[in-house]
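These notes concern the structure reproduced below.
2 protein chains.
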Amino acid sequence: MKNVFGGIEAGGTKFVCVIANGPEEILFEERFPTTTPTETIQKSISFFEKHIKEDHLNLLSLGIGTFGPIDLHPTSGTYGIITSTPKPGWAYADIVKPFQKAFHIPIAFDTDVNAAAIGEGVWGVAQGLENFLYFTIGTGVGGGAIINGKPLHGLVHPEMGHIRLSQNTLIDAYPGKCPFHGTCFEGLTAGPAIEDRWGKAAFLLSQDHPAWDLEADYIAQAMSNFICTLSPQKIILGGGVMQQIHLFPLIRKKTLTYLNGYVQSASMLENIDNFIVPPGLGNQAGMLGAIAMAKNLVE
Amino acid sequence: MKNVFGGIEAGGTKFVCVIANGPEEILFEERFPTTTPTETIQKSISFFEKHIKEDHLNLLSLGIGTFGPIDLHPTSGTYGIITSTPKPGWAYADIVKPFQKAFHIPIAFDTDVNAAAIGEGVWGVAQGLENFLYFTIGTGVGGGAIINGKPLHGLVHPEMGHIRLSQNTLIDAYPGKCPFHGTCFEGLTAGPAIEDRWGKAAFLLSQDHPAWDLEADYIAQAMSNFICTLSPQKIILGGGVMQQIHLFPLIRKKTLTYLNGYVQSASMLENIDNFIVPPGLGNQAGMLGAIAMAKNLVE
Chain Z
0 MKNVFGGIEA GGTKFVCVIA NGPEEILFEE RFPTTTPTET IQKSISFFEK
50 HIKEDHLNLL SLGIGTFGPI DLHPTSGTYG IITSTPKPGW AYADIVKPFQ
100 KAFHIPIAFD TDVNAAAIGE GVWGVAQGLE NFLYFTIGTG VGGGAIINGK
150 PLHGLVHPEM GHIRLSQNTL IDAYPGKCPF HGTCFEGLTA GPAIEDRWGK
200 AAFLLSQDHP AWDLEADYIA QAMSNFICTL SPQKIILGGG VMQQIHLFPL
250 IRKKTLTYLN GYVQSASMLE NIDNFIVPPG LGNQAGMLGA IAMAKNLVE
Chain C
0 MKNVFGGIEA GGTKFVCVIA NGPEEILFEE RFPTTTPTET IQKSISFFEK
50 HIKEDHLNLL SLGIGTFGPI DLHPTSGTYG IITSTPKPGW AYADIVKPFQ
100 KAFHIPIAFD TDVNAAAIGE GVWGVAQGLE NFLYFTIGTG VGGGAIINGK
150 PLHGLVHPEM GHIRLSQNTL IDAYPGKCPF HGTCFEGLTA GPAIEDRWGK
200 AAFLLSQDHP AWDLEADYIA QAMSNFICTL SPQKIILGGG VMQQIHLFPL
250 IRKKTLTYLN GYVQSASMLE NIDNFIVPPG LGNQAGMLGA IAMAKNLVE
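Protein chains in written order, with numbering that gives the first Met the number 0: chain Z, 0 to 298; chain C, 0 to 298.
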């Protein structure tokens, strides 16, 4: 029997289940659409059960990084559930307990973005760093933070996509896509906001479309706020929108313009290309982060 | 010989030196204006030397909470100095070494706002909390954070007064007082901004002056951003502007309006009066925080 770890990247659109020991040893991986909690969780359980049996595996522990909001407090009566999500059927869905029942192994549970941050810290571009941020900018915007070597949870967990940004309405009068906050970070920059503002899906807009300068400007403003608030050693930007690699140089330049020399650090000012970066693990950051969380539990 | 701890709250306007064992046992305290580094640091050293000698004290350790920006990294060649401050004479002033030379005791060093946060965690309104924020809103705006029980430093240290806020220029077209960022949190809400905008010092404005609603609105917007970013269990607001106690109910209400039900936590939503609060240690938070830092070093 081979010792292995399980990981689940539970997204609002799709679930990714993986059996691995690290990025160099990904044994099995399966993705399926997020339907009802019962069906999606059952499919995930079946994936692990099948491989445990057929491939003679010893699943040591499981890591789950999920969309939220979620209850992360182990002493809470609702630990391990997705709480007040607007996603139909998923409000108050218990996501940890079904796996505990099925496998009787230690289970780590965190937000999808904290999981991705953990993955980047263990195997990606943030190895050796104690303080860094991971953002996904895609169908939504979320942020995870590692502070003093540990994921930031706090009262609930951060919702970094929902900070309010300053909008120059003479240049951009778009009212924002967030149903809660209108022109917050997510409301101004997520994929659906781009599509809604310009009448075309983001990936269909050419590189010289004015959408990208505006997009980079808002993202840079958010980054400058997060630098002032959290003083990270590195910021990793992932997610569908950030597949537009040409955004990176724009965001870096504009972030420094927003900071305007106030935060004095050579490792940021003289090394901005290594300060705001794409994920080292690409789109595997989330699922490998879940594996890293599982490994952390037992090692 | 009596065992005691030393604390310094090093502000841009005044230094507060204190010898104490806690809030119930403050033995000696002296305040003097911040002039040149040489003169001000020498006065501080003399205060401790005098009492050590005359009152037969054994000074076990010293805590310094200071205005900044500062270098907090023990392995850095410039550890213990104030770095790029615009304050005349203080740029690159070494603030730790003179005390090391004079007393040969352990010295703890942090920002003034982290010191105040530490003080509130040990003796004030944040006892037992692992994640909380302390802000001073006065001649400037600064924020300190305790995350997972430890002060947040990161790359440099937070500069929470400099996040950019959204301004409705139809209501308030004030260009902001911050020389770096114009309308950042500090540029819109610090004492000098209030005086500049309304032509009168903040403490001369009556409680029904429209200044306060606007002030509370910007502070609430900042608080909502910090809640989304850091997910604190409590936020403490101190400093000269926050002496206007009537601001608190306004800020609490507007913060909930900005969050608009997005962050679901009963301990915030149903208990906002205990969530955004004045310092439990009043204007002694900084100096007692320095004492707490000194105690932490040796206990």
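Beta carbons are placed, not taken as given, at the ideal position from N, Cα and C, and that holds for glycine.
Own chain residues within Cβ distance below 8 Å of residue i, not counting five before or after
i                : result
LEU229 (chain Z) : ASN130, LEU132, ALA144, ILE146
ALA90 (chain C)  : ILE81, THR82, SER83, THR84
THR188 (chain C) : ILE136, VAL140, GLU214, TYR217, ILE218, ALA221, VAL240
GLU194 (chain C) : ALA200, ALA201
HIS208 (chain Z) : TRP197
VAL276 (chain Z) : VAL124, LYS233, ILE234, ILE235, LEU236, PHE247
MET267 (chain C) : ILE226, PHE274
HIS245 (chain Z) : GLN206, TRP211
ASP54 (chain C)  : LYS1, LEU26, PHE27
Candidates the options, of which the one nearest residue i by Cα
i                : options                                : result
PHE108 (chain C) : C:GLY5, C:ILE250, C:ALA265             : C:GLY5
TYR217 (chain Z) : Z:THR110, Z:PHE98, Z:GLY160, Z:VAL297  : Z:GLY160
PRO105 (chain Z) : Z:VAL95, Z:GLU194, Z:GLN242            : Z:VAL95
GLY285 (chain C) : C:PRO32, C:ASN57, C:PHE134, C:GLY76    : C:PHE134
THR34 (chain Z)  : Z:ALA189, Z:ALA9, Z:GLN126             : Z:ALA9
ALA265 (chain C) : Z:ASP70, Z:PRO32, Z:VAL3               : Z:ASP70
GLU48 (chain C)  : C:LEU164, C:VAL155, C:PRO157, C:LYS100 : C:LYS100
LEU204 (chain C) : C:GLN242, C:ASN270, C:ILE234           : C:GLN242
PRO97 (chain C)  : C:ALA114, C:ILE44, C:GLY181            : C:ILE44
GLY288 (chain Z) : Z:GLU269, Z:SER165, Z:ALA125, Z:VAL276 : Z:ALA125
ASP171 (chain Z) : Z:THR182, Z:ILE162, Z:ARG163           : Z:THR182
PRO191 (chain C) : C:LYS52, C:THR138, C:GLU23             : C:THR138
PRO299 (chain C) : C:LEU151, C:GLU23, C:ALA210, C:ASP54   : Given a span of 0 to 298 for chain C in the structure shown, any question on residue 299 (chain C) remains unanswerable.
GLY260 (chain C) : Z:HIS245, Z:PHE179, Z:LEU164, Z:ASN270 : Z:PHE179
GLU269 (chain Z) : Z:PRO22, Z:ARG251, Z:GLN283            : Z:ARG251
GLY238 (chain C) : C:GLY127, C:ASP111, C:GLU158, C:LYS149 : C:ASP111
LYS149 (chain Z) : Z:GLY175, Z:ILE25, Z:LEU128            : Z:LEU128
LYS86 (chain C)  : C:GLY11, C:ILE162, C:LEU164, C:GLY186  : C:GLY11
Rounded Cβ spacing between residue i and residue j (contact assumed at less than 8 Å)
i                : j                : result
THR65 (chain C)  : ILE81 (chain C)  : 7 Å
TYR257 (chain Z) : GLN220 (chain Z) : 6 Å
LEU280 (chain Z) : GLU29 (chain Z)  : Contact flag wrong, Cβ pair sits at about 18 Å.
PHE27 (chain C)  : HIS50 (chain C)  : 5 Å
VAL140 (chain Z) : PHE184 (chain Z) : 5 Å
ALA115 (chain Z) : PRO278 (chain Z) : 7 Å
PRO157 (chain Z) : GLY175 (chain Z) : Their Cβ separation, rounded to whole angstroms, is 20 Å, which puts PRO157 (chain Z) and GLY175 (chain Z) out of contact at 8 Å.
SER165 (chain Z) : GLN166 (chain C) : 7 Å
Sequence-distant residues of the same chain with beta carbon closer than 6 Å to residue i, five excluded per side
i                : result
THR254 (chain C) : ALA219, MET222, SER223
PRO32 (chain Z)  : LYS13
LEU249 (chain Z) : ALA215
ALA291 (chain Z) : ILE117, GLY118, VAL121
LYS169 (chain Z) : Inspection of the sequence shows that residue 169 (chain Z) is occupied by Leu rather than by Lys. Counting only Cβ-Cβ distances below 6 Å, and skipping sequence neighbours, we find nothing.
LYS1 (chain C)   : LEU56
TYR173 (chain Z) : ARG196
VAL17 (chain C)  : GLY6, GLU28, MET286
Proximal residues to residue i (C-beta, below 7 Å), its chain only, five neighbours per side dropped
i                : result
PRO36 (chain C)  : GLY88, TRP89, ALA92
ASN20 (chain Z)  : VAL3, PHE4
HIS72 (chain Z)  : TYR78
VAL297 (chain C) : LEU59, SER60, PRO105
VAL155 (chain Z) : PRO68
LYS294 (chain C) : PHE4
ALA210 (chain Z) : ILE193, TRP197, LEU204
LYS42 (chain Z)  : PHE31
ILE162 (chain Z) : CYS183, PHE184, ALA221, ASN224
Cβ-heavy atom distance, residue i to the ligand MN, below 7 Å
i                : result
ALA215 (chain Z) : This structure lacks the ligand MN, and indeed carries no ligand of any kind.
Any alpha helix (DSSP H) of 4 or more consecutive residues that is wholly inside the stretch 150 to 234 of chain Z: 184 to 188, 190 to 197, 209 to 229
Runs of beta strand (DSSP E) wholly within the stretch 53 to 78 of chain C (minimum 3 residues, chain order): 56 to 65
Selection of the stretch 261 to 276 of chain Z by Cβ proximity to chain C, strictly under 8 Å: TYR261, VAL262, GLN263, SER264, SER266, MET267
Under 7 Å (Cβ pairs) to chain Z, residues found in the stretch 170 to 193 of chain C: PHE179, HIS180
Against chain C: residues of the stretch 209 to 233 of chain Z by CB proximity under 9 Å: GLN220, SER223, ASN224, PHE225, ILE226, CYS227, THR228, LEU229, SER230, PRO231, GLN232, LYS233
Ranges of the alpha helix (DSSP H) found wholly within the stretch 84 to 156 of chain Z, counting only runs of at least 4: 96 to 102, 111 to 122
Within 8 Å of chain C by C-beta, residues of the stretch 54 to 85 of chain Z in sequence order: PRO68, THR82, SER83
Contacting positions in the stretch 117 to 134 of chain C - beta carbon closer than 7 Å to chain Z: ASN130
Inside the stretch 260 to 296 of chain C only - alpha helix (DSSP H) runs reaching at least 4 residues: 265 to 268
The stretch 152 to 170 of chain Z: positions lying closer than 9 Å to chain C by Cβ: HIS152, GLY153, LEU154, VAL155, HIS156, PRO157, GLU158, MET159, GLY160, HIS161, ILE162, ARG163, LEU164, SER165, GLN166, THR168
Residues within the stretch 234 to 260 of chain C neighbouring chain Z, beta-carbon criterion of under 9 Å: TYR257, LEU258, ASN259, GLY260
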